[in-house]
Each structure stands twice: as C-alpha cells, then as structure tokens.
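Numbering (my numbering), first residue to last: -7 to 71.
Spelled out as structure tokens, the structure:
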C-alpha cells in the first residue's frame, strides 16, 4: 500500500473503529510543522469541538513499512 492510500484508509478505519465503540468523531488529515521538521497527522475530535488529538501518520506508515500489522496500527490509533 502506498502512503496516500495508507492515509485515506487510516482515516476511514479509525472512524469505523471508533464508531464500533460508540464514539462519534470527526477527522481531518493535515500537515503539522514542528520546528525544523513536520509530519502528516490524522486529527480526531468530537463533533463541533476545536480540541482534538493528532495521530502521527508518518510514524504509523513507517511502522507499517517495517512489518507491523495494519490492523494493530489502526487499533492503537483508536485507543
């Protein structure tokens, strides 16, 4: 799976996983700039909220490329 598909699938699957747990959420994929570096993040927040949690998609994809199971990555991101 390439990186763009990974980002799309993560957004869809994290939302689906949260819904199974009875959690309603909104998501957005964005680039986060940090000092001299940056990363792509999946922001998860309650509907209408301005506060959310960022999941580092760049690190998650690196773990996937290193052989970590995709379902495990989704589960961890959903916790």
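The beta-carbon is built from N, C-alpha and C at its ideal position, and this holds for glycine as well. Here the structure is a predicted model, which means the values were calculated and not measured.
Could you give the residue range of the alpha helix (DSSP H) that holds residue i?
i: residue 6; result: -5 to 12
i: residue 43; result: Here residue 43 belongs to no alpha helix (DSSP H), and DSSP marks it neither H nor E.
i: residue 68; result: 62 to 70
Can the beta-carbon of residue i be found closer than 8 Å to that of residue j?
i: residue 37; j: residue 11; result: no
i: residue 21; j: residue -4; result: no
i: residue 52; j: residue 69; result: yes
i: residue 49; j: residue 8; result: no
Using a 10 Å radius around the Cβ and a threshold of 16 neighbouring Cβ atoms, would you call residue i buried or exposed?
i: residue 34; result: buried
i: residue 65; result: buried
i: residue 6; result: buried
i: residue 27; result: exposed
i: residue 32; result: buried
i: residue 47; result: buried
Along the chain, where does the beta strand (DSSP E) that runs through residue i open and close?
i: residue 33; result: 29 to 37
Kindly indicate which three-state DSSP category residue i falls into: helix, strand or coil?
i: residue 16; result: coil
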